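Peer 1: Have a look at this one.
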Amino acid sequence: AQAKPYSEQVAAQIDEEVKSIVDAAYERCEDILSRDQKHLIAVAEFLLAHETMSAEEFEAVFTDEAAGHDKI
Numbered sequence: 011a012q013a014k015p016y017s018e019q020v021a022a023q024i025d026e027e028v029k030s031i032v033d034a035a036y037e038r039c040e041d042i043l044s045r046d047q048k049h050l051i052a053v054a055e056f057l058l059a060h061e062t063m064s065a066e067e068f069e070a071v072f073t074d075e076a077a078g079h080d081k082i
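To convert a position in the sequence shown, counted from 1, into our numbering, add 10.
In structure tokens, the structure reads:
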């Protein structure tokens, strides 16, 4: 094993910062998935029925709040 060019204390600080970044990213992902859940379900249902989805169809799900699922 090769010696680290930094102390155990610095290694602990690095680990702490990495954990903080990962935790924040995870929380942000959960927020996005929760916020857009109905849109993502509509996309999944469409793909199960049709196998492919055009960019226009995908955008319609997210831009047409009222008719999103009906529009595609």
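Note that CB positions come from ideal geometry on N, CA and C, so glycine has one too.
Treat the numbers as computed from the prediction; the structure is a model and nothing was measured.
Can you give the Cα-Cα distance for Q23 and S17, rounded to whole angstroms?
Peer 2: Within the sequence shown, the letter at position 13 stands for residue 23. Within the sequence shown, the letter at position 7 stands for residue 17. Between Q23 and S17, the C-alpha separation is close to 10 Å.
Peer 1: Assign A70 to one of two classes, buried (16 or more other C-beta atoms within 10 Å of its C-beta) or exposed (fewer than that).
Peer 2: Taking the first residue of the sequence shown as position 1, residue 70 is located at position 60. Classification for A70: buried.
Peer 1: Might you give, ordered along the chain, the residues of its own chain that have their beta carbon closer than 6 Å to the beta carbon of H79, omitting 5 neighbours on each side?
Peer 2: One-based indexing of the sequence shown puts residue 79 at position 69. For H79, the predicted model reports a pLDDT of 49, less than 50, meaning its position is unreliable; a value from the coordinates is still stated below. Excluding residues within five positions, the ones whose Cβ falls inside 6 Å are A52.
Peer 1: Over the uninterrupted alpha helix (DSSP H) stretch that includes D25, give me the two end residues.
Peer 2: Walking along the sequence shown from the start, residue 25 turns up at place 15. Residues 18-45.
Peer 1: Rounded to a whole number of angstroms, what is the C-alpha to C-alpha distance between S64 and I42?
Peer 2: By 1-based counting over the sequence shown, the position of residue 64 is 54. By 1-based counting over the sequence shown, the position of residue 42 is 32. In a straight line, the C-alpha of S64 is about 22 Å away from that of I42.
Peer 1: Between the alpha carbons of E26 and R45, how many angstroms are there, rounded?
Peer 2: Indexing the sequence shown from 1 puts residue 26 at position 16. Indexing the sequence shown from 1 puts residue 45 at position 35. Going from the Cα of E26 to the Cα of R45 covers about 28 Å.
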